[in-house]
Amino acid sequence: MLSADDARLLAEVGFLAAGAGDSARAETIFNALRRLRPDRAYPVVGLAVAWMNASRAPDAVRLLESVVMADPAERILLDAWRGFALQLAGRRAESTRLLETLAEGGTEGARLARALLGLAPADG
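Per the numbering used here, residue 821 is the first one in the sequence shown, and the count goes up by one each step.
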């Protein structure tokens, strides 16, 4: 079994690979993490970021739409990233509508949605 620290380290390596444009390595890492942590959003986000960095925003949108998450906070986080991917895919109006629906609340996804919309952080 993979410990939380090991999973975090692998995710960091995956995000570094994605940021460096090495989408093949990032995909390998994040697909493995998706199998090991199917209930968490971060492996899907990592894969989507790798694809966005590789000019594959439409693929990232489809991925983020297709994933099922039981935890509502994880779903909101995926949807906030989908809002960003929609922007990169040139679908700004759709992105804005989605992000506006997510911007309320104190979840990580809501905070990301507010930031992407250029809104002030929520109180508290």
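All C-beta atoms in this analysis are idealised placements derived from N, C-alpha and C, irrespective of residue type, glycine included. Remember, predicted model here, so these are calculated numbers, not experimental data.
Classify PRO892: buried if its beta carbon has 16 or more other beta carbons within 10 angstroms, exposed otherwise. Here residue 892 refers to the residue found at position 72 of the sequence shown. When all chains shown are included, PRO892 counts as exposed.
Under three-state DSSP, which class holds MET821? As a first step, residue 821 must be located in the sequence shown, where it is residue number 1. In the structure shown, MET821 sits in coil (DSSP, three-state: anything other than H, G, I, E or B).
If you draw a straight line from the alpha carbon of ARG934 to that of ALA940, how long is it in whole angstroms? Mapped onto the sequence shown, residue 934 falls at position 114. Mapped onto the sequence shown, residue 940 falls at position 120. ARG934 and ALA940: Cα-Cα distance of roughly 7 angstroms.
Please classify VAL864: does DSSP put it in a helix, a strand, or coil? Locating residue 864 in the sequence shown gives position 44, where the first residue counts as 1. In this structure, VAL864 counts as helix in the three-state DSSP scheme.
Check whether the region 905–912 touches the region 923–931, counting contact only when three or more Cβ pairs, one atom from each stretch, lie closer than 8 angstroms. no
Assuming GLU920 is part of the alpha helix (DSSP H), what are its boundary residues? Reading the sequence shown from its first residue, position 100 is the one you call residue 920. Counting along the chain, the alpha helix (DSSP H) containing GLU920 begins and ends at 912–922.
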